[in-house]
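Chemist:
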DNA sequence: TGAAATGTTGGGGCG
DNA sequence: ACGCCCCAACATTTC
C-alpha cells in the first residue's frame, strides 16, 4: 500500500461540509488539506465589503470548529499560495466549487492552467447553483433574457437539480503548520464595533443556516406567497447570506421545499431561488453587468451627483419614513427586506436620480448577503437598465408602498422610533400631519426627524422627463 | 415585483 | 317615468 494521496479542498463560497460535492470528491483521495484564501487584490471591486467580512469571519470560525481545527487560512495571491502548497504537500488533486464572480472565473482559469502544467489534477464541481448557466438555452439555441421564460421553460423543464449528498464521513483532514495562526489573523472584524448590532440577528454557520431554514419551513413557507411582502412580519427566509457563503446549498433548499407537498406558497419560494439563478445566469453571460449598463441607451442618461442626498440616504435620514426605515434596517442588521430594497433603490435612482453604482457600492459594503450577481442585476433591474428590468417609468411611491405593505406601521415604528407615537395614518408621510398631531406625538420635523430631503412628486416628474429625453436621443 | 391620469359604468339623488 | 348630474368603483392607458 502506498501512502494516501493528498488532495486540497479549496473552500471559497461553499463554507459547508454537507452537500459539498467538491469536498466529498476530495475526501476520496485519502487525505484532504482544507484551505481558505483571502485574496482582496485579485477580487478588486468584489473583495468582500465590511458586513460580508464580519460574516465571513464567523462563518470561517464555525467551519474551523466543524473541521476540528484542520482548516488552514491564508491571505494573498491565490495562484502563488495554491502552487506553493501543491509542492510542499505533494498534492495530486485540487478540488473546488465553481464560482461565477468574474474575477474568480479569470483566476480559476489561471490556477487550473498552472496546476495542469505541473501534472496536478484539477477538479471543479457545481455546488452553488441549481442549474449551470451554460445548460439553459432557448429551443433555438440562444440565451434567455427574460426571467419568466428562463425559469418556467428553461429551468423547470430542464433535468431536476442534483439531489443533496451527506457530509463525507471519516475524512482524514490535514492541516498546514505554516498557515496563518488563526482566523483572527485575516483581520476581518471591524475596529469600531458596529457589528455588535448585527450579531443578535444572525446564527452564522452551517448548522445555523439549517436552524433558520427549518424554522422557515415549519412556520412560514406555507404562507410565503401571501405574506412575503409585509416586511414587519417574519415571513421571508433570510437565508440569502447563508446561501451566499454556501453554508447551505440551493439544492438542499429546493429539494426540501419543492419535492414535498407542493403548493402555490412553496412554488413562490422556489421562484425566488429562480431569481437567484437568473442573476447568476445574467452575470455569467454578461460579465460586465456589475459596472456597465446592459441597455446601452442608459449611458446617455443624465444622472445627478448629489453627495448630500447620498449621505442622507445611506444614513436613513432622507425624511421619507419608508426609505429611511429600509436603510436603517440595513445598517442595524446587515440585511434589508426585498420590498424595501426596491423602494429605497427606486428613491435613489429615480427620485434622487443618482447612478445606481452609488447604491450598488453602498449595498456591497453593508449587506451581509451581497453577491456580485444579485447586487448588480437587481440594481440594474431597479434602474431599468437591465434586461427584463422594471421599466424606467415604474417609480415607487414610498408613501403608497408604506400604506400598502406596512399598513399598521409596525415596520416604520421598529426602525424609526422617533416617529413611533405618530398615528398610523401619518406614519408614511409625517410632513402632512397637522401641527397638533405632530406635537402630541413628540415629533418636531427638522429636529427630531428630518423634513423630506426632496419632493417626491416633483422629482418623479423630472425623472420621467429625463427618461423621455434619453429615449428620444437613442432613437 | 407601480403610479397617476383618463375612461367607463352604474346606482342614487333630484328636479 | 325620465334625464341629468355626481361620483364611487373599476378598467384602461400613459408615463
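Numbering (our numbering), first residue to last: 2 to 476.
Just so it is clear, CB atoms sit at the ideal spot from N, CA and C, and this is done for glycine as well.
Which residue comes first and which comes last in the beta strand (DSSP E) that contains residue 10?
Modeler: Counting along the chain, the beta strand (DSSP E) containing residue 10 begins and ends at 6-12.
Chemist: Taking a contact to mean a Cβ-Cβ separation below 8 Å, would you say residue 379 touches residue 296 in this structure?
Modeler: Against a cut-off of 8 Å, the Cβ pair of residue 296 and residue 379 comes out as no contact.
Chemist: Counting along the chain, where does the beta strand (DSSP E) carrying residue 344 start and finish?
Modeler: Residue 344 -> not in any beta strand (DSSP E); alpha helix (DSSP H) instead, spanning 339-347.
Chemist: With DSSP as the reference, identify every bridge partner of residue 95, one or two as the case may be.
Modeler: According to DSSP, which records beta bridges pairwise, residue 95 is partnered with 9 and 123.
Chemist: On the criterion of 16 or more Cβ atoms from any shown chain inside 10 Å, does residue 469 qualify as buried, or is it exposed?
Modeler: Flag for residue 469 reads exposed.
Chemist: Can you list the alpha helix (DSSP H) stretches of 4 or more residues lying completely in the segment 271-322, in chain order?
Modeler: Correct list: 308-316.
Chemist: Pull up the distance between the alpha-carbon of residue 146 and that of residue 155, whole angstroms please.
Modeler: About 11 Å.
Chemist: Report the partner residues of residue 450 according to the DSSP bridge assignment.
Modeler: 446, per the DSSP bridge assignment.
Chemist: Based on the DSSP output, what are the partners of residue 558 in its beta bridges?
Modeler: Only positions 2 to 476 of the chain appear in this structure, which leaves residue 558 out of reach.
Chemist: Output the distance between the C-alpha atoms of residue 44 and residue 206, rounded to the nearest integer angstrom.
Modeler: So the alpha carbons of these two residues sit roughly 23 Å apart.
Chemist: Please confirm if the segment 183-191 is in contact with the segment 270-281, defined as three or more CB-CB distances below 8 Å between the two stretches.
Modeler: No: fewer than three Cβ pairs fall under 8 Å.
Chemist: Considering only the alpha carbon of each residue, which of 252, 194 and 150 lies closest to residue 138?
Modeler: Considering only alpha carbons, the answer is 150.
Chemist: Under three-state DSSP, which class holds residue 465?
Modeler: In the structure shown, residue 465 sits in a helix (DSSP, three-state: H, G or I).
Chemist: Taking the Cβ atom as the reference point for each residue, do residue 92 and residue 7 lie within a distance shorter than 8 Å?
Modeler: Yes.
Chemist: Using a Cβ-Cβ cutoff of less than 6 Å, which residues in the same chain neighbour residue 456 once the five nearest sequence positions on both sides are dropped?
Modeler: Around residue 456: no qualifying Cβ.
Chemist: Thinking C-alpha only, which one of 288, 415 and 73 is nearest residue 480?
Modeler: Given that the chain is displayed from residue 2 to residue 476, the structure contains no residue 480 and the question cannot be resolved.
Chemist: Can you tell which of 229, 444 and 248 has the C-alpha that lies nearest to the C-alpha of residue 214?
Modeler: Here the closest residue by C-alpha is 248.
Chemist: Quick check: the Cα distance between residue 448 and residue 419, rounded to an integer number of angstroms?
Modeler: Taking the straight line joining both Cα atoms gives about 10 Å.
Chemist: Can you name the start and end residues of the alpha helix (DSSP H) that residue 75 belongs to?
Modeler: Premise fails: residue 75 lies in the beta strand (DSSP E), 73-76, not in any alpha helix (DSSP H).
Chemist: Helix, strand or coil for residue 39 per DSSP?
Modeler: Strand, per DSSP.
Chemist: Report the three-state DSSP secondary structure of residue 225 (helix, strand or coil).
Modeler: Three-state result, residue 225: helix.
Chemist: Given a threshold of 16 other Cβ atoms within 10 Å of its Cβ, counted over all protein chains shown, does residue 442 qualify as buried or as exposed?
Modeler: By the 10 Å Cβ count, residue 442 comes out buried.
Chemist: To the nearest whole angstrom, what separates the beta carbons of residue 97 and residue 23, a pair I think is in contact under 8 Å?
Modeler: Residue 97 to residue 23, Cβ: 6 Å. Contact.
Chemist: Helix or strand or just coil, what does DSSP make of residue 393?
Modeler: Coil at residue 393, not helix or strand.
Chemist: Which residue from 406, 396, 335 and 371 puts its Cα closest to that of residue 198?
Modeler: When only C-alpha atoms are compared, the closest one is 335.
Chemist: By DSSP's criteria, residue 329 is part of a beta bridge. Which residues make up the other side?
Modeler: Answer by DSSP bridge pairing: none, since residue 329 is not bridged.
Chemist: Cβ of residue 332 within 8 Å of Cβ of residue 191?
Modeler: No.
Chemist: Quick one, which of 258, 144, 342 and 451 has its alpha-carbon nearest residue 319's?
Modeler: The candidate whose alpha carbon is nearest that of residue 319 is 451.
Chemist: Less than 8 Å separating the beta-carbons of residue 413 and residue 301?
Modeler: Cβ atoms of residue 413 and residue 301: not closer than 8 Å.
Chemist: What whole-angstrom Cβ distance do residue 346 and residue 383 have, given they're in contact under 8 Å?
Modeler: About 4 Å separates the two Cβ atoms, so the contact holds.
Chemist: Relative to the C-alpha of residue 361, which residue among 421, 293, 113 and 19 is closest?
Modeler: Taking only the C-alpha atoms, the option nearest residue 361 is 293.
Chemist: Since residue 112 and residue 79 are thought to touch, with beta carbons under 8 Å apart, how far apart are those beta carbons, to the nearest angstrom?
Modeler: That belief holds up - the Cβ atoms of residue 112 and residue 79 are roughly 6 Å apart, short of 8 Å.
Chemist: Which partner residues of residue 1 appear in the DSSP bridge assignment?
Modeler: Here the chain covers residues 2 to 476 and nothing more, so residue 1 does not appear.
Chemist: Are the CB atoms of residue 288 and residue 140 within a distance shorter than 8 Å?
Modeler: No, the Cβ-Cβ distance between residue 140 and residue 288 is not below 8 Å.
Chemist: Distance, Cα to Cα, residue 241 vs residue 203?
Modeler: So the two alpha carbons sit approximately 12 Å from each other.
Chemist: Contact between the segment 349-369 and the segment 45-53 is defined here as three or more beta-carbon pairs at a separation below 8 Å; is this criterion met?
Modeler: Yes: at least three Cβ pairs fall under 8 Å.
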